[in-house]
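Per the working numbering, residue 356 is the first one in the sequence shown, and the count goes up by one each step.
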Amino acid sequence: VAVMRKGQLVAGGDTATVFAPPYHPYTELLLSSVPEMRRDWLDEVLAKRKAAPAGAALRPA
């Protein structure tokens with residue numbers, strides 16, 4: 356596995372090495388961006404949609 360940032364290699368090696376702490380700060384950022392698998396994720400999405408204002412979101416004001 357290789358982790359590159361701005362065209363530069365910042366971490367590399369087998370998965371056990373790259374994905375085990377201590378992480379390179381950019382590797383840690385990438386890992387924190389992975390979505391979580393939770394049973395209630397759809398409930399949260401639907402609740403946010405219900406709370407959103409009515410109308411076309413992209414229509415100019």
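Positions of the beta carbon are idealized from the N, C-alpha and C atoms, including for glycine.
| Check | Outcome |
| --- | --- |
| Proximity of R438 and Y381 at Cβ, strictly below 7 Å | Coverage of the chain is limited to positions 356 through 416, which leaves residue 438 absent and any answer about it impossible. |
| Rounded separation between V356 and A406 - CA only | 41 Å |
| Outcome for V358 when other beta-carbon atoms lying within 10 angstroms are tallied against a minimum of 16 | buried |
| Reduced DSSP secondary structure (H/G/I, E/B, other) of R404 | helix |
| Cutoff 7 Å; reference R394; Cβ partners in own chain excluding five residues on either side | none |
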